[in-house]
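Q:
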Amino acid sequence: MTRPSPANRRLCAERVESNDELLTKILLLQPESTLVQLKLVCKRWFALISDPYFRFLYATSKSSPPSIYLSLYPSYLAPKLLYYSVPLTGNNRVAVQKGIRYGDIKSSCNGLVVLKFGNDLFVSNPTTNFVTQLPLHNIL
73 MTRPSPANRR LCAERVESND ELLTKILLLQ PESTLVQLKL VCKRWFALIS
123 DPYFRFLYAT SKSSPPSIYL SLYPSYLAPK LLYYSVPLTG NNRVAVQKGI
173 RYGDIKSSCN GLVVLKFGND LFVSNPTTNF VTQLPLHNIL
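Numbering (my numbering), first residue to last: 73 to 212.
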């Protein structure tokens, strides 16, 4: 997997930073202690995080589990878009050995990676080493 060039990373960061809706969605995923620190990044972030509507969204968003959209078997004629709600707590963690050679990276978004090992799909957060298996029985 190739890394994006610094210019591409900068362009992606600028696109996120210039889009209030996307930035708000990312900020809503942060823990409260991090939000306190992020308020100090710039006046714009301070205003977004301090806004009463953001506080309302933050309070109500914690009730819904993290989710992922996944497109499998893409086709120009009939794309299949699937929606998963993946609980990131509990006993659904799986042990994945370092150096697995036969997994395929199928997709990535916001730091999460979708991996395929044989017939099984996993969502992984490489930063935290968290991995959870997606329920394939809902796909087929």
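Don't be surprised by glycine CBs; every beta carbon is placed ideally from N, CA and C.
1. Go to L112, then tell me how far its alpha helix (DSSP H) extends in each direction, as first and last residue.
2. In its own chain, which residues sit with a C-beta less than 7 Å from the C-beta of S133, not counting the 5 before and 5 after it?
3. Name the residue from E93, Y130 and N91 whose alpha carbon lies nearest to the alpha carbon of T106.
4. What separation, rounded to the nearest whole angstrom, lies between the Cα atoms of V113 and R82?
5. What residues in its chain sit with their C-beta under 7 Å from that of W117, if we drop five residues either side in the sequence?
6. Kindly indicate which three-state DSSP category D92 falls into: helix, strand or coil?
A: Let me spell this out:
1. First-last for L112: undefined, no H or E at that position.
2. L100
3. Y130
4. 17 Å
5. L110 and K111
6. helix
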